[in-house]
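Visitor: Residue numbers are given in the working numbering: position 383 of the sequence shown equals residue 1630, and the series is strictly consecutive.
Take a look at the following structure, please.
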Amino acid sequence: MSVLPVLCTLALLPMPREFTPGDGFCGDPAKIEYTVDRSLPAEGYTLNVTKEGVRITSATPAGHFYAERTLDDLKADGRLPICRIKDAPAYRWRGLHLDESRHFFGKQVVKRFIDRMAALKFNVFHWHLTDHQGWRLQIDACPELTEKGSIRNVPEWKRMRPREWLDVDAAAYGPYFYTKDDVREILSYAHARHITVMPEIEIPGHSLAAIRACPFLLCPDSRDKLDKLGYRCATICAGSDEVLRFYEKVLDEVCALFPSVYIHTGGDEARKDIWRECPRCQARIKKEGLKDETELQAWLTRHFADYLAAKGRRLVGWDEILEGDALAAGAVVMSWRGRKGAIAAAMAGHDVILCPEQYCYYDFRQGLANDPETYHGKSRQFAPVSAAMVYSFDPCEGIPSDRRGHVIGAQGNSWTELTLDEKTLDWKLWTRAAALAEVLWTSPEKRDFSAFAPRLEAFRAKLKAKGVNVAPFADPSAMPSVF
Ligand code: ACM
Ligand code: ZN
């Protein structure tokens, strides 16, 4: 009996690189033999399902792990179709990001998030732990960061929220943060699933929670303007050596806790107007021979890139870190404002991770009619980030062919200003994450949305059976242009 009709109903996702279906089903799915073949690509594997049993071959434990995930996908009603698979991912950075500053989800939600990532063969969890709305990581050198910084400042939340946040609860919220033991628990959970956890500590902007907890982080002349200006003066002072030492201590603890080579230090949307009026910031500009405040941010980024490099780590930052002056060698650029940052970074010899808003922002609308959820207002500037749109994403588009080696991969971002709980997070994320998983794993010539759609439907059915609130996806041909 041909297994092809069965395969159409399987959540085989992402689709393996080479897949040869056979006839009938395996007589003994529990009989699994493993072999090592060092000539296979890292993370690659072969899977041979015969009448008699299963053979998995891989070069690394990660390849073995992904072969087992594919077996999970192949099994339907306990039956395992006979087939041969040769597989390896297209990209080595297959990431998902979660913002736990705006809303905090906690360990159990994060573990389920990691489970779903692993099922889709994602391998980097980008953990956004600090921002204006909350500092979520225990730092022993500065207990105030979590004692004060992990509690919502309600008047500020009310005053600063944009129109679409009006429904979002403005009540007291917190203290919510992760202790180091919590983090170790998450790290070991992720490690067992071949997922690297990259923490993000925002420097110099998006820092209001840290500044509220430790006012010395702000330019001295701006401290009395905090209540009036709020987010508009939420950039730390780049002229103060005390501030540099403070963040070095924070990064010392972050590096001691997180084994990831990649450490994200933010760098996006840092408002620099207050630096113009700060004698310390201006003195730094003069002393270092910098042209202006943009070069001052570049100087600060280089300082922390060098600091991390001395510990064997690589700084990752949003594409604003390209502005101003030469970026430290080895720093990695995360291109979110379209692809311009990725192209410029690759041309300058930096590794890049793509996450352009048009394809990778899952707090943006997904093109559904009658969607019960509220999405980020900015997403109205773009076509909906539908599953089909995500599926059409080519991380290498626009990058000259001799620079494509710098494109290490891409990731989807879950910003959570308007995502209060796991139910909403699941709705906004997993349908689109499934499309991104295939973009990052399956070679472009194998991608076809009409062949993907039934497998996505099977994946959704599997999640629904587990009680996950997973969104439907719009048929691209039926999608009204107004969405
Ligand atoms: C960003 O979305 N501000 C990186
Ligand atoms: Zn200053």
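Backbone N, C-alpha and C define an ideal beta-carbon position, used for all residues, glycine too.
If you're wondering where the values come from, they're calculated on a predicted model, not measured in any experiment.
Extract the residue ranges of the alpha helix (DSSP H) inside the segment 1509-1579, only unbroken runs of 4 or more that lie entirely within it.
Guide: 1520-1523, 1526-1534, 1540-1556
Visitor: Applying the criterion that 16 or more other CB atoms from any shown protein chain within 10 Å of the CB defines a buried residue, is S1397 buried or exposed?
Guide: buried
Visitor: Following the continuous beta strand (DSSP E) through W1340, name the residue where it begins and the one where it ends.
Guide: 1340-1346
Visitor: Taking the alpha carbon of N1617 as the reference point, which residue from F1720, E1315, C1330 has its own alpha carbon closest?
Guide: F1720
Visitor: By the three-class DSSP mapping on this structure, what secondary structure does P1328 have?
Guide: strand
Visitor: For S1286, count neighbouring Cβ atoms within 10 angstroms of its own Cβ and tell me buried if that reaches 16, exposed if not.
Guide: exposed
Visitor: Pick out whichever of L1601, D1668, G1624, A1635 has its Cα sitting closest to the Cα of T1614.
Guide: Before going further, note that residue 1614 is Gly rather than Thr in the sequence given. G1614 has its Cα closest to that of A1635, out of L1601, D1668, G1624, A1635.
Visitor: What does the Cβ neighbour count give for F1369, buried or exposed, with the cut at 16 atoms within 10 Å?
Guide: buried
Visitor: Under 6 Å Cβ to Cβ from V1715, same chain only, skipping five residues before and after it: list those, please.
Guide: D1673
Visitor: Looking at ligand 1, does it come within less than 7 Å of W1565, judged from the CB to the closest heavy atom?
Guide: yes
Visitor: Please identify the residue among Y1606, I1448, G1291 whose C-alpha is closest to the C-alpha of P1315.
Guide: The sequence shown places Glu at residue 1315, rather than the Pro named in the question. Measuring from the Cα of E1315, the nearest candidate turns out to be G1291.
Visitor: Return helix, strand or coil for G1310, following the three-state DSSP convention.
Guide: In the three-state reduction of the DSSP assignment, G1310 falls in the helix class, which pools H, G and I.
Visitor: Three or more C-beta pairs under 8 Å: does that hold for the segment 1518-1537 against the segment 1422-1434?
Guide: no
Visitor: Excluding the five sequence neighbours on either side, which residues of its own chain have a C-beta within less than 6 Å of the C-beta of Y1509, listed in chain order?
Guide: M1445, R1561, V1563
Visitor: For the alpha helix (DSSP H) that Q1605 lies in, which residues bound it at each end?
Guide: In the DSSP annotation of this structure, the continuous segment of the alpha helix (DSSP H) that includes Q1605 starts and ends at 1604-1607.
Visitor: In whole angstroms, what separates the C-alpha of F1730 from that of R1408?
Guide: Only weak support is given to the placement of F1730: the predicted model assigns it a pLDDT of 34, under 50, and the value that follows is read from those uncertain coordinates. Between F1730 and R1408, the C-alpha separation is close to 24 Å.
Visitor: Grab the span of the beta strand (DSSP E) containing P1446 for me, first residue to last.
Guide: 1443-1447
Visitor: Kindly identify the DSSP beta-bridge partner or partners of Y1292.
Guide: S1305, D1334
Visitor: Run through DSSP, which three-state label would I1450 get?
Guide: coil
Visitor: Is any heavy atom in ligand 1 found nearer than 7 Å to the beta carbon of W1374?
Guide: no
Visitor: Could you check which residue in L1574, A1456, K1496, E1449 has the C-alpha nearest to that of T1512?
Guide: For T1512, the nearest C-alpha among the options comes from E1449.
Visitor: I1600 and V1579: beta carbons closer than 8 Å?
Guide: A Cβ-Cβ contact shorter than 8 Å links I1600 with V1579.
Visitor: With H, G and I counted as helix, E and B as strand and the rest as coil, what does DSSP make of I1655?
Guide: Looking at I1655 - three-state DSSP - the assignment turns out to be strand.
Visitor: Taking 7 Å as the cut-off, is the beta-carbon of E1516 closer than that to any non-hydrogen atom of ligand 1?
Guide: Because some heavy atom of ligand 1 lies under 7 Å away, the Cβ of E1516 counts as near it: yes.
Visitor: Tell me whether Y1281 is buried or exposed, calling it buried when 16 or more other Cβ atoms sit within 10 Å of its Cβ.
Guide: The residue in question, Y1281, is exposed, as its Cβ has fewer than 16 Cβ neighbours within 10 Å.
Visitor: Taking three-plus beta-carbon pairs below 8 Å as touching, is the segment 1381-1396 in contact with the segment 1696-1713?
Guide: The segment 1381-1396, when compared against the segment 1696-1713, does not touch it at the 8 Å Cβ threshold.
Visitor: Bridge partners for G1381 per DSSP, in chain order?
Guide: D1378
Visitor: Would you mind reading off the limits of the alpha helix (DSSP H) that contains G1588?
Guide: 1587-1594
Visitor: Assign P1402 to buried or exposed, taking buried as 16 or more other Cβ atoms, counted over all protein chains shown, within 10 Å of its Cβ.
Guide: exposed
Visitor: Please indicate yes or no: does the CB of W1412 lie closer than 7 Å to some heavy atom of ligand 1?
Guide: no
Visitor: D1673 by DSSP, collapsed to three states: which one?
Guide: helix
Visitor: Cβ atoms of L1367 and L1321: under 8 Å apart, would you say?
Guide: no
Visitor: May I ask whether a heavy atom of ligand 1 can be found less than 7 Å away from the beta carbon of W1583?
Guide: yes
Visitor: Going by beta carbon distance, what residues of the same chain come within less than 7 Å of D1468, once the five residues before and after it are set aside?
Guide: E1524, C1525
Visitor: Would you call S1348 buried or exposed, if buried means 16 or more other Cβ atoms sit within 10 Å of its Cβ?
Guide: buried
Visitor: Tell me whether G1652 is buried or exposed, calling it buried when 16 or more other Cβ atoms sit within 10 Å of its Cβ.
Guide: exposed
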